[in-house]
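Before any comments, here is the structure.
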Amino acid sequence: MMTDNIFLKILNKQLPAKIAYEDDRCLAFHDIKPQAPVHVLIIPRKVIATHDDLTEEDRELVGHLHLVAAKLAKQLGVSEGYRVVVNCRERAGQTVPHLHLHLLGGRDLAWPPG
Ligand code: AMP
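So the sequence shown is numbered by this note's numbering: it starts at 13 and just counts up by one.
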């Protein structure tokens, strides 16, 4: 498992990011290459490489990340329709090995996704 990655650097303030929200358990920041008018990434401070690495002990944390996503959707004005996405592993498009929720909104979102 890679422990040193871009998101860890953002968490440790070694790399700048446009922060949308932070608390003791997570950090949310705007995606550098937005795929929608609103595209925010919500990441836990805890190092978890992929969705598949979640354990029982993360149950509450995952709920918290989703509640933050809903709060941010409201704050950023997209609560009329938004998507929360987790890409798990390379085959699903995961490029950074630190669990993250994508919050996408501000445009019509097609289904099924690519
Ligand atoms: P994924 O492909 O699901 O792993 O998502 C990784 C996301 O991180 C992509 O949408 C990238 O555009 C985004 N990203 C990569 N580097 C940065 C960065 N330095 N600041 C903000 N977002 C980033």
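Every residue, glycine too, gets a C-beta built ideally from N, C-alpha and C. Computed from a predicted model, the values in this text were never measured in an experiment.
In angstroms, rounded to a whole number, what distance separates the CA positions of residue i and residue j?
i	j	result
residue 76	residue 124	27 Å
residue 49	residue 91	13 Å
residue 46	residue 67	30 Å
residue 97	residue 115	7 Å
residue 24	residue 120	34 Å
residue 16	residue 112	15 Å
residue 52	residue 101	19 Å
residue 29	residue 110	16 Å
residue 44	residue 87	19 Å
Is residue i buried or exposed, if buried means 16 or more other CB atoms sit within 10 Å of its CB?
i	result
residue 89	exposed
Residues in its own chain within less than 7 Å of residue i by CB, not counting five upstream and five downstream?
i	result
residue 73	37, 56, 58
residue 80	33, 38, 40, 54
What residues in its chain sit with their C-beta under 6 Å from that of residue i, if we drop five residues either side in the sequence?
i	result
residue 105	99
What three-state label does DSSP hand residue i in the structure shown?
i	result
residue 96	strand
residue 122	coil
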